[in-house]
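*Asks:*
In our numbering, the protein residues as written are -15 to 221.
In structure tokens:
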């Protein structure tokens, strides 16, 4: 290969490599403690969720989330809000910053110091990523849930999860919950750390019999109310 052509390919590849590195460095779980409040930020390859809660007081305070992306050749990161439990006017808003986690400082005048966040890797668990519910069992039959603006999503990073029921067109927020999870050999376990609808469920541990393939997560067990559930979840690209 001629040297000139090789250099063209090399210099064309470098921005792509830097872009991939920029994306990877933000992925995972970011967590900090501010007095009695836990700030939890889950970042997947194309999506994020941010929640503020108190585990000691079993109090849910705030959540927001949406899509994010970085740009090749620049450190700037863009976030597009898809839900905000405290301020519906923020839905569909775009923000840009060179430090992604600077966006998340609920009720604070300025961002938390970067080194105050503890980072946990994204992980290689088959469930790590972002999912939406696509089917639910009713009266013994699986019923499809069409893809649309109103949806229930779930993001899993490290050993944390968060789900949110939202409408990305209207900005409506219907509820959220989250906590710690584990998955191994068909057994999926959740321990609830925050729940916007019912604080009494915080601390509950739920066990499920689940199977996961590349494009489908079959989720079966009992809800935090004790009702049987059978759901199918699919990845959000």
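By construction, the Cβ of each residue, glycine as well, lies at the ideal position given by its N, Cα and C atoms.
It should be emphasised that the depicted structure is a prediction, and the values quoted were computed from it without experimental measurement.
Suppose contacts are defined by Cβ-Cβ distances below 9 Å. Is residue 139 in contact with residue 28 by that definition?
*Replies:* Start at 1 with the first residue of the chain shown, and residue 139 comes out as number 155. Start at 1 with the first residue of the chain shown, and residue 28 comes out as number 44. Remark: C-beta atoms of residue 139 and residue 28 approach each other more closely than 9 Å.
*Asks:* Measure the C-alpha to C-alpha separation of residue -6 and residue 57 and round it to an integer number of angstroms.
*Replies:* Start at 1 with the first residue of the chain shown, and residue -6 comes out as number 10. Start at 1 with the first residue of the chain shown, and residue 57 comes out as number 73. With a pLDDT of 41 at residue -6, under the threshold of 50, the predicted position of this residue should be treated as unreliable, though the coordinate-derived value follows. Roughly 14 Å between the two C-alpha positions.
*Asks:* If we count Cβ pairs, one from each stretch, closer than 8 Å, do we get three or more for the segment 148 to 168 versus the segment 67 to 87?
*Replies:* yes
*Asks:* How many Å lie between residue 219 and residue 166 at the Cα?
*Replies:* What you label residue 219 is simply residue 235 of the chain shown in a count that begins at 1. What you label residue 166 is simply residue 182 of the chain shown in a count that begins at 1. Their Cα atoms are separated by approximately 18 Å.
*Asks:* When DSSP builds the beta bridges, which residues end up paired with residue 14?
*Replies:* Counted from its first residue, the chain shown places residue 14 at position 30. Residue 14 pairs with 25, 103.
*Asks:* According to the neighbour-count rule (16 or more other Cβ atoms, all chains shown, within 10 Å of its Cβ), is residue 168 buried or exposed?
*Replies:* Residue numbering aside, residue 168 sits at position 184 when the chain shown is read from its first letter. It is exposed - the Cβ of residue 168 has fewer than 16 other Cβ atoms within 10 Å.
*Asks:* So, do the segment 27 to 41 and the segment 172 to 182 have three or more beta carbon pairs nearer to each other than 8 Å?
*Replies:* yes
*Asks:* Secondary structure at residue 204, three-state DSSP: helix, strand or coil?
*Replies:* Taking the chain shown and counting its residues from 1, one reaches residue 204 at position 220. DSSP, reduced to helix, strand and coil, places residue 204 within a strand of the structure shown.
*Asks:* Per DSSP, what kind of secondary structure is residue 62 in: helix, strand or coil?
*Replies:* Within the chain shown, residue 62 is the residue found at index 78, counting from 1. Here residue 62 sits in strand by DSSP.
*Asks:* In angstroms with no decimal places, state the Cα-to-Cα distance between residue 64 and residue 207.
*Replies:* The residue you call residue 64 lines up with position 80 of the chain shown. The residue you call residue 207 lines up with position 223 of the chain shown. Looking at the two C-alpha atoms, the distance is approximately 31 Å.
*Asks:* Rounded to whole angstroms, what is the Cα-Cα separation between residue 124 and residue 85?
*Replies:* If you number the chain shown from 1, residue 124 lands on position 140. If you number the chain shown from 1, residue 85 lands on position 101. About 44 Å.
*Asks:* Whole-angstrom Cβ separation of residue 170 and residue 194, contact assumed at under 8 Å?
*Replies:* For the purposes of this step, residue 170 is identified with residue 186 of the chain shown, where counting begins at 1. For the purposes of this step, residue 194 is identified with residue 210 of the chain shown, where counting begins at 1. With a Cβ gap of about 6 Å, residue 170 and residue 194 count as contacting.
*Asks:* Exposed or buried, residue 11, counting other C-beta atoms within 10 Å across all chains shown (16 or more means buried)?
*Replies:* Here residue 11 refers to the residue found at position 27 when the chain shown is read from its first residue. So residue 11 counts as buried.
*Asks:* Would you report the Cα separation of residue 79 and residue 31, rounded to the nearest angstrom?
*Replies:* Walking along the chain shown from the start, residue 79 turns up at place 95. Walking along the chain shown from the start, residue 31 turns up at place 47. For residue 79 and residue 31, the distance between alpha carbons rounds to 14 Å.
*Asks:* Which two residues bound the contiguous beta strand (DSSP E) that contains residue 44?
*Replies:* Here the question's residue 44 lines up with position 60 in the chain shown. Segment 43 to 54, the beta strand (DSSP E) holding residue 44.
*Asks:* Within the same chain, show all residues whose beta-carbon is closer than 6 Å to that of residue 155, passing over the 5 residues directly before and after it, in chain order.
*Replies:* Numbered from its first residue, the chain shown carries residue 155 at position 171. Closer than 6 Å at Cβ, skipping near neighbours: 72, 75.
*Asks:* DSSP puts residue 35 in a beta bridge; with which residues?
*Replies:* For the purposes of this step, residue 35 is taken as the residue at position 51 of the chain shown. In DSSP, residue 35 forms a bridge with 24, 47.
*Asks:* Is it a yes or a no for the segment 7 to 26 touching the segment 118 to 136, going by three-plus beta-carbon pairs under 8 Å?
*Replies:* no
*Asks:* Taking the runs of the beta strand (DSSP E) that are 3 residues or longer, which of them lie wholly in the segment 143 to 220?
*Replies:* You should have 144 to 151, 157 to 168, 171 to 179, 189 to 197, 200 to 206, 212 to 219.
*Asks:* Can you list, in chain order, the residues of its chain with a C-beta nearer than 7 Å to that of residue 40? Leave out the 5 residues immediately preceding and following it.
*Replies:* Here residue 40 refers to the residue found at position 56 when the chain shown is read from its first residue. Counting only Cβ-Cβ distances below 7 Å, and skipping sequence neighbours, we find 20.
*Asks:* Check the C-beta distance from residue 89 over to residue 14 and give it rounded, since I have them as a contact under 8 Å.
*Replies:* If you number the chain shown from 1, residue 89 lands on position 105. If you number the chain shown from 1, residue 14 lands on position 30. The Cβ separation is near 12 Å, so there is no contact.
*Asks:* Work out the CA separation of residue 111 and residue 62 for me, nearest whole Å.
*Replies:* Looking up residue 62 in the chain shown gives position 78. Looking up residue 111 in the chain shown gives position 127. Straight-line Cα distance between these residues: approximately 25 Å.
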